[in-house]
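Everything on this sheet refers to the single structure shown next.
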Amino acid sequence: MYVRSLSRLLAVVCLALFAVGCVTTREITITARPDDALISIDGQNQGPGPITHKFEFHGDQEQHVVAATRVGYKDQSVPLTRSFAESSLLLEMRPQSRRVTFIVNPVPAVIRVDGKALSPVPSSRLSVELEFTADAKGTWTHHTVSADAPNWQSIERTVNWTDPSPEYSLALGTLHKDLSIVTNPAGAQVMLNGQSVGPSPVKLKDVAFPVDPSSGKFIPQRVVISKPGYDPLNATVNWDEGKSDYVVNIPPKTKTVRIITDPPGGEVAIPGQAISRDASGTTSAKLAFVPTDDKGTLPVFSAAVTKKTADTEWYPKELPIAWDAGQAEYSVILKEIRTKPVPLILPKAVRTDDGWRIEASKLNVLAMKDVTEPADREQPTHITDLPKGTIIDSLAISPDGSQLLFTTLSGESTALRSQIQLLKSDGSGGATVFGEENALSLTPTFTPDGAQILFSSNRAGRRLSIWQMSAVGEAGVTQLTGGEENALWPAVDSEPRPRLFYTALVDGLAQPRLYMTRLGTTTRTDLSRSGGMQPHINPKGDKIVFCSVNEKNGKRQILMMPDRGGPAASLGDPDSDEYDAVWSMDGGKIAFASNRGKDEETGKNYDIWVIDLAHPDHAIQVTQNGSWDDRPAWDPSGRALYFRSNRGGEWGIWKIAIPALGESSKQSSH
14 MYVRSLSRLL
24 AVVCLALFAV
34 GCVTTREITI
44 TARPDDALIS
54 IDGQNQGPGP
64 ITHKFEFHGD
74 QEQHVVAATR
84 VGYKDQSVPL
94 TRSFAESSLL
104 LEMRPQSRRV
114 TFIVNPVPAV
124 IRVDGKALSP
134 VPSSRLSVEL
144 EFTADAKGTW
154 THHTVSADAP
164 NWQSIERTVN
174 WTDPSPEYSL
184 ALGTLHKDLS
194 IVTNPAGAQV
204 MLNGQSVGPS
214 PVKLKDVAFP
224 VDPSSGKFIP
234 QRVVISKPGY
244 DPLNATVNWD
254 EGKSDYVVNI
264 PPKTKTVRII
274 TDPPGGEVAI
284 PGQAISRDAS
294 GTTSAKLAFV
304 PTDDKGTLPV
314 FSAAVTKKTA
324 DTEWYPKELP
334 IAWDAGQAEY
344 SVILKEIRTK
354 PVPLILPKAV
364 RTDDGWRIEA
374 SKLNVLAMKD
384 VTEPADREQP
394 THITDLPKGT
404 IIDSLAISPD
414 GSQLLFTTLS
424 GESTALRSQI
434 QLLKSDGSGG
444 ATVFGEENAL
454 SLTPTFTPDG
464 AQILFSSNRA
474 GRRLSIWQMS
484 AVGEAGVTQL
494 TGGEENALWP
504 AVDSEPRPRL
514 FYTALVDGLA
524 QPRLYMTRLG
534 TTTRTDLSRS
544 GGMQPHINPK
554 GDKIVFCSVN
564 EKNGKRQILM
574 MPDRGGPAAS
584 LGDPDSDEYD
594 AVWSMDGGKI
604 AFASNRGKDE
614 ETGKNYDIWV
624 IDLAHPDHAI
634 QVTQNGSWDD
644 RPAWDPSGRA
654 LYFRSNRGGE
664 WGIWKIAIPA
674 LGESSKQSSH
């Protein structure tokens with residue numbers, strides 16, 4: 014009974030003690046990192062660890078505060094309660110930190126802290142949290158921040174814990190370098206960015222090379238170098254990866270002179286200078302005018318101009334060539350013998366035992382080297398610019414006057430070849446070449462509407478036939494005639510069902526014949542049983558003009574007959590050789606070639622003449638140069654003629670205005 018009562022008493026005591034709190038003791042060893050940090054317990058400094066301390070806890074809610082402090086680290090505190098059951102406690106302290114902002118100008122840059130880039134791309138503004146610590150003596154650590162951008166001087170700054178502002182401005186610097194400028198020749202005045210820096214050689218210290226912020230590229234430094242007798246030299250100096258030494262060669266004044274001789278092809282020699290010649294025969298030379306003294310006096314070159322051939326000799330001439338404000342073209346007129354022989358190839362119809370065939374007849378004909386007409390006459394215009402030695406055969410003008418059609422000949426004997434060429438009637442632009450490369454194509458002409466070209470060609474065999482092709486580049490070539498004959502000089506009228514007029518060399522006939530056939534049919538009409546060549550139908554379509562050989566004297570004469578054949582009337586001078594008769598666009602005039610005139614140098618030679626059918630007994634002499642002029646073709650205006658001429662010593666196509674009928678001094682009658 015006693016024991017039971019004692020037990021009850023103890024239980025009551027324990028319950029009472031529990032009500033006021035049982036005491037729990039914990040022995041804990043406290044350390045800090047860094048290990049020299051000062052440790053405090055419940056605000057009482059205990060010094061640096063390790064510290065072993067007994068903690069008493071009188072209840073679950075009671076706590077003791079263990080703290081560590083050290084310069085350069087954030088204070089660290091840990092509350093301990095009865096529930097802490099460990100025998101040791103480590104206070105891990107964190108370094109101090111600041112959030113700092115870096116501002117870069119004038120352009121974005123790559124920002125690095127202690128060598129490590131904060132971002133892979135350039136930035137103008139960037140913020141980052143940085144940690145700072147202090148050593149045992151209280152000396153704080155620091156960070157090195159840098160910014161760099163292409164073509165700018167990098168900047169570097171130190172970031173300290175104690176800095177008053179968290180913002181750091183990083184201004185990129187301008188690159189500088191020393192400059193040495195040497196000129197050849199020496200002594201030239203040098204200006205840098207508009208400021209004179211003296212005569213060369215010059216040495217400049219610490220020259221800034223700023224960058225254009227918008228482009229990121231260096232702004233070139235402008236250099237102007239000047240010296241008497243030389244053109245000012247404008248140049249620029251860039252950063253060039255820090256290059257310092259520059260040598261500037263000042264070029265002398267130079268010009269390429271073109272010396273045009275009249276006539277072309279004169280020989281030009283300039284002592285000590287290289288001479289070149291282009292396809293037209295014009296001489297060129299590049300001359301350097303190096304000053305002869307410090308005053309800038311420029312030299313004067315002397316060109317010797319001569320021309321001599323097996324047939325003719327020109328007087329030599331000296332041509333002084335000074336700087337002349339850069340003049341590039343010089344003309345020299347050489348006095349020479351007025352005439353020269355010029356090769357001519359004529360397609361000649363030859364009748365053999367095997368029939369008619371076309372062969373090359375080669376001869377030399379005289380030409381006047383002077384291309385002009387007498388001073389009181391209209392002067393011609395040279396239309397073509399062909400390679401030297403080109404031989405032109407026949408020509409024609411499109412009905413609208415915009416295009417010129419002609420043939421050029423080459424080859425020998427039966428190997429005669431030709432090309433048909435089309436170009437603008439003013440001679441501008443390049444020529445379009447028609448026809449087969451190895452064929453003989455002759456006497457091209459336009460249809461009245463200008464849409465088609467008719468020509469004679471042996472492209473399908475050994476004989477010449479009449480063919481038709483587009484004048485505007487459409488594909489296809491149509492053969493209009495065939496058979497065992499050679500067909501030449503096609504002409505088409507403007508009827509709704511066009512008629513084709515042409516010359517035929519029929520093997521069974523001794524003379525060329527004139528035929529007419531309607532296009533698209535196989536029937537034809539023999540218009541002149543006495544023979545004829547070069548038929549041309551008038552615009553009205555009722556008359557044909559042609560030429561025929563006079564059996565009495567063997568000379569060609571101009572004849573006219575009705576479009577369906579019949580008696581022919583003579584229009585020309587029976588004592589002269591006359592051919593190439595063509596109608597004007599209004600049908601009122603006929604132009605032709607005739608040797609009825611006489612030149613004091615060449616004697617009887619071929620010129621262009623015109624007959625006004627209102628006054629058929631009088632003819633107007635259009636050309637009077639002394640050269641071989643033939644193949645007239647009317648300008649659609651009726652006021653000018655195109656023609657072939659060897660004037661000047663080369664075959665070309667020319668254009669000349671027609672004098673008025675009333676100029677009696679230039680008329681000839683028969």
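Taking this note's numbering, I'd label the letters of the sequence shown as residues 14 to 683. All C-beta atoms, glycine included, are put in the ideal place defined by N, C-alpha and C.
Assignment of beta strand (DSSP E) within the segment 275-325, counting only whole runs of 3 or more residues, yields 280-282, 296-302 and 314-319 in chain order. When DSSP states are grouped into helix, strand and coil, ARG475 belongs to the coil group. For the options GLN286, ALA362 and THR274, the alpha carbon positioned closest to that of TRP327 is the one of THR274. In the DSSP assignment, ILE52 falls within the unbroken beta strand (DSSP E) covering 51-54. Of PHE222, PRO47, GLN74 and GLU75, the smallest CA-CA separation from THR82 is found for PRO47.
In this chain, the beta strand (DSSP E) harbouring TRP369 covers 368-381. If you ignore the 5 residues before and after LEU246, its C-beta comes within less than 6 Å of the C-beta of ILE238 and ILE263, all in its own chain and listed in chain order. Taken atom to atom, the span from the alpha-carbon of GLU449 to that of ARG472 is near 7 Å. With a threshold of 16 other beta carbon atoms within 10 Å, LYS308 falls short and is exposed. Across the structure, LYS190 and SER257 are spaced so that their CA atoms are roughly 7 Å apart. A distance below 8 Å separates the beta carbons of ALA199 and SER213. Beta-bridge pairing by DSSP links ASN247 to VAL237. At a cut-off of 3 residues, the continuous stretches assigned as beta strand (DSSP E) that sit fully inside the segment 375-449 are 404-410, 416-423, 430-437 and 445-447. Contact between the segment 103-123 and the segment 63-78 is absent: fewer than 3 CB-CB pairs across the two stretches fall below 8 Å. Taking 3 residues as the minimum length, the beta strand (DSSP E) runs contained wholly in the segment 141-192 are 155-161, 168-173 and 180-184, in order along the chain. Residues of the same chain with a CB within less than 6 Å of the CB of LYS361, apart from the 5 flanking positions on each side, are GLU372 and SER374 in chain order. Between the C-alpha atoms of PRO575 and MET546 there is a straight-line separation of about 15 Å. Exclusion of the five residues before and after ASN164 leaves VAL224 and PHE231 as the residues of its chain whose Cβ lies within less than 6 Å of its Cβ.
DSSP places GLU497 outside both helix and strand once states are collapsed to three, so it counts as coil. With a 10 Å radius around the Cβ and a threshold of 16 neighbouring Cβ atoms, GLU40 comes out exposed. Runs of the beta strand (DSSP E) lying entirely within the segment 497-572, each at least 3 residues long, are 498-505, 512-519, 526-531, 546-550 and 556-562 in chain order. In terms of CA proximity to ALA444, THR420 leads the group GLY567, ARG235 and THR420. In the three-state scheme derived from DSSP, where H, G and I count as helix and E and B as strand, GLY60 is classed as strand. When C-alpha distances from SER454 are compared across LEU311, LEU418 and LYS437, the shortest belongs to LEU418. The alpha-carbon of HIS549 is positioned some 18 Å away from that of ALA464. Assignment of ASP462 by DSSP, reduced to helix, strand and coil, places it in the coil class. Annotation note: the segment 568-651 contains the following uninterrupted beta strand (DSSP E) runs of length 3 or greater, listed N- to C-terminal: 569-575, 591-596, 602-607, 620-625, 631-634 and 642-647.
Distance from the Cα of ASP176 is smallest, within the candidate group SER543, LEU143 and ASP253, for LEU143. Taking a cut-off of 8 Å on C-beta distances, the segment 274-286 touches the segment 332-349, as three or more cross pairs fall below it. Exposure of ARG475 is indicated by the presence of fewer than 16 other C-beta atoms within 10 angstroms of its C-beta. In the DSSP secondary-structure assignment, GLY486 is not bridged to any residue.
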